[in-house]
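Given below as structure tokens:
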């Protein structure tokens with residue numbers, strides 16, 4: 001007789017979504033006061049925002065910023081440049097990158113995709129020494145404002161894996177939803193794979209080793225090999 005495979009649900013984390021609409025209403029009534037203060041501070045510091053998603057800006061603006069951020073902030077191997085160039089070449093109608101400038105210097109960026117009724121953001125690199133000017137908050141707001149004007153319904157902030165990440169997204173008025181995986185198993189005795197813990201000891205040790213031992217110039221080559229081994 002036919003036996004249906006058993007299945008188990010594994011909770012991974014939550015993901016955060018902001019419902020779009022009238023941008024003035026969102027700014028005044030949805031965003032936390034801290035976010036409004038941050039956006040105002042960025043504007044007082046005369047930060048400018050420019051949207052570009054062509055190959056040249058990805059190569060010359062986004063990727064050097066992304067490489068530096070991945071090393072200094074996360075201590076993690078970067079994705080290869082070819083991946084982002086592929087997005088610019090093959091997904092130009094969906095890709096958006098909002099760059100923040102300070103005295104003509106690129107200090108932050110927010111990369112995402114506008115698909116259907118939803119905007120998904122995936123990378124927000126910043127030069128850490130400029131964090132106090134609040135460029136990341138300004139980039140998020142300009143992307144949200146653009147999405148409202150274009151008629152998109154949702155702004156997907158992505159995963160909220162730990163407390164600090166969730167707190168940042170909560171300030172933007174996000175709603176949180178469980179993100180789960182369903183595994184179909186041969187029998188009930190099969191164990192589920194363990195997910196990577198980004199605040200665990202092993203992860204933090206690997207992060208510190210990458211941050212202090214791997215030169216930035218080597219990180220694209222090593223990063224590509226590591227991501228290939230991980231099947232990413």
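Numbering (our numbering), first residue to last: 1 to 232. Just so it is clear, CB atoms sit at the ideal spot from N, CA and C, and this is done for glycine as well. None of these values were measured; they are calculated from a predicted model.
Length of the line joining the Cα atoms of residue 108 and residue 137: Distance from the CA of residue 108 to the CA of residue 137, rounded to the nearest whole angstrom, comes to 10 Å.
According to DSSP, what are the bridge partners of residue 112? 96, 121
According to the neighbour-count rule (16 or more other Cβ atoms, all chains shown, within 10 Å of its Cβ), is residue 185 buried or exposed? exposed
Rounded to whole angstroms, what is the Cα-Cα separation between residue 78 and residue 171? Cα to Cα, the separation comes out at about 28 Å.
Just to check my reading of the structure: residue 173 and residue 81 have Cβ atoms closer than 8 Å, yes? What is that Cβ distance to the nearest angstrom? At roughly 34 Å, the Cβ-Cβ gap does not stay under 8 Å, so residue 173 and residue 81 are not in contact.
Ordered along the chain, which non-local residues of its own chain (more than five positions away) have a Cβ less than 8 Å from that of residue 69? For residue 69, where only same-chain residues beyond five positions count, the Cβ hits under 8 Å are 125, 126, 127, 128.
Who are the Cβ neighbours of residue 112 in its own chain at under 7 Å, not counting the five residues just before and after it? 96, 119, 120, 121, 122, 143.
Nearest-angstrom Cα distance between residue 211 and residue 64? 16 Å
Any chance you could list the alpha helix (DSSP H) runs of at least 4 consecutive residues sitting entirely within the segment 149-182, in chain order? 163-170
Close beta carbons around residue 236, own chain, < 7 Å, minus the five adjacent residues each side: Absent from the structure is residue 236, since the part of the chain shown begins at 1 and ends at 232.
Tell me whether the segment 52-66 and the segment 141-155 touch, counting them as touching only if at least three CB pairs, one residue from each stretch, are closer than 8 Å. no
Are the Cβ atoms of residue 28 and residue 157 separated by less than 8 Å? In this structure, residue 157 does not lie closer than 8 Å to residue 28 by Cβ.
In terms of residue numbering, what span does the beta strand (DSSP E) encompassing residue 51 cover? 48-51
Could you name the residues of the same chain whose beta carbon sits closer than 7 Å to that of residue 92, not counting the 5 residues immediately before and after it, in chain order? Within the same chain, residue 92 has close Cβ partners 53.
Out of curiosity, what's the CA-to-CA distance linking residue 130 and residue 182? 41 Å
Unbroken alpha helix (DSSP H) run spanning residue 71, endpoints: First-last for residue 71: undefined, no H or E at that position.
State the DSSP-derived secondary structure class of residue 101, mapped to helix, strand or coil. strand
Where does residue 19 fall in DSSP's three states? Residue 19 falls in the strand class under three-state DSSP.
Enumerate in chain order the residues of its own chain whose CB-to-CB distance from residue 34 is below 7 Å, with the five nearest sequence positions on each side excluded. 171
Flag residue 81 as yes if its beta-carbon sits less than 8 Å from any beta-carbon of chain D, otherwise no. The structure shown contains no chain D, having only a single protein chain.
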